Structure formats: C-alpha cells, structure tokens
Amino acid sequence: MFAGEEESDHIGNDADVFFREESRGALCAFNMETGHIQNRLCVGRKTQYTIHACVHGLGGHAGNEFTKGKNAVHEAIFKCAELTRLTDLDKGTTVTVSVINSGGNTNSTSIPDLSEFTVDIRVFSDEIGKQVLEDVAAIMKKTFIEGTTTEYSVDFAKLHPFEPNEKIMKLFHLINQVAVEHGFPEFGQIQLGGASDAGAIASAGVPVVCSCGPIGEYNHNIREYAVVDSMFSRAKIYALTVTELDQL
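Note that this note's numbering has the sequence shown beginning at -18, numbered continuously upward.
This is the structure we're talking about:
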C-alpha cells in the first residue's frame, strides 16, 4: 500500500481508513518510514493534535489607555504558558507553541486587539490525548485578562498512535533474529514522536514495525537524506523475514 501525500496528514481524504481496512487479516506489516540513523526499528509512535486559537481584545494607546485596552497578545501569552505546562515527558506528552501571529499593525505604541497562535500536541495514546484536550479546554475557557475572548479549534491527526504490544514485539524480535542469522547488524528499537500510517495498521490488529525504510535523517528539512545502500540490505532482511512468518 502506498500514500503519495503522507506529509499532509491525509487532509481531505480517507487514506487512514484505507490503510486500516486494507490491512485487516494481514500477517504483519513493514512501514517504510525513514529508517532511524542508529539502525533502530520503531515499535511505537505518537499521534498529533493541532490547536488553532484566536484571541480578541480591545485596542488602545499603550501609554494613555493601558488600563482601558484589553491586550490580546498578553492574554495569548498567558494561555500559551499554561498550555506548555501540560507537557509531561514521563508520559511522552509534548505541547509546543509553534506559531504566533499578533498585533494587526506595526505601531509599537498600540495595544493589540488580536492574537492568533497554533499549538502542536503529541501523545502516545488516545486515552492520554483525551485528558490533555480536556485540560486544553479548561485553559482556553479561563480568562486571564478581563474583556478578552478566545475561540479555538482542534485538528485531529489521521495518523493514529500505536503502542508496543506482544504481537508487535514478537515481529520485531523475529526481524532481528533473521537479520543476525544472515550476517546483518542487530536492530535496536525506539518509540518516536512523529506519527505515521503504522498507527492505522496497528488499529486493524495487525503487528506492524515502523521506520523500516532506508536509513536517513533530517526529515521535513532541506538537509534530509537517505543512505542508499541501506535500501538493499533492508529489502533483503524483510524478504527473508517473510519466509519465516510461520514463527509468528
């Protein structure tokens, strides 16, 4: 199965449904995301939510009307600070304020009446995500500067989370066993913060290992590259693994 627009998160189509439904009944899956530079295979990935917020205030003169104006930027700053506190590295949850567009003019003596910001949230499970989004709602509902109002929306990624389980780890160990038996380096394992179509495949109950593609790094960046030789060695390993799938 192939996705020609994976980096756009399947916006405007049902590719996630396609991957889930077409995967049903498969013995296993190898997701050809970029291989980890340290020769690790991915056994778990997060999903991602994007928060788009718009804060409305009341403009005015920064010197003469400081107490009369309702500073939308200040309200956004307070909210962003609260949102970033939802980060919990022990659970793998990260909250990143990624875009802020504020003001509305270039006059530094004015109190801004508008501020828009975007927040990237990554979680390892839908259960964790549900709680995080409840906390987001509480923060957005809270008013730090009286007279400001905030509206927001949530974009839910179509690249779903998946967590290591017994079937996934059994597939990982089989791949490693085959690799070592045929003289290839042993794979490490890793859980990554980026999302992928492996989540939709895992939701179909199919054991899947991700980052199976050629080794490389700097994804989504002009420096992105792949180690070409690794494409051939990895293709051999997966082909050999398919001949041993009765061990699953």
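Beta carbons: idealized from backbone N, C-alpha and C, even for Gly. This one's a predicted model, so the numbers in the text were calculated from it and none came from an experiment.
Residue environment analysis places Tyr133 among the buried positions, since at least 16 neighbouring C-beta atoms fall within 10 angstroms of its C-beta. Inter-segment contact for the segment 42 to 51 and the segment 61 to 71 is absent: fewer than three beta-carbon pairs are separated by less than 8 Å.
Judged by their CB atoms, Phe0 and Ala181 are nearer to each other than the 7 Å cut-off. With a beta-carbon spacing of about 43 Å, Val36 and Ala10 fall beyond the 8 Å limit used to define contacts. If you check the CB distance, Ile218 and Pro188 do not come in under 7 Å.
Between the alpha carbons of Val104 and Asp136 lies a distance of about 14 Å. With a 10 Å radius around the Cβ and a threshold of 16 neighbouring Cβ atoms, Gly174 comes out exposed.
Spanning the alpha carbons of His(-9) and Thr48 requires a straight line of approximately 46 Å. By the neighbour-count criterion, in which 16 or more other beta carbons inside 10 Å mark a residue as buried, Arg5 falls on the exposed side. The three-state reading of DSSP puts His154 in helix, counting H, G and I together.
Between the segment 183 to 198 and the segment 18 to 27, the count of C-beta pairs closer than 8 Å reaches three or more; the two stretches touch. Secondary structure within the segment 57 to 135: the alpha helix (DSSP H) runs of 4 or more consecutive residues, fully enclosed, are 107 to 122 (chain order). In this structure, Leu67 lies near Val113, with their beta-carbon atoms less than 7 Å apart. The beta-carbon separation of Ile156 and Phe168, rounded to 7 Å, stays under the 8 Å limit for a contact.
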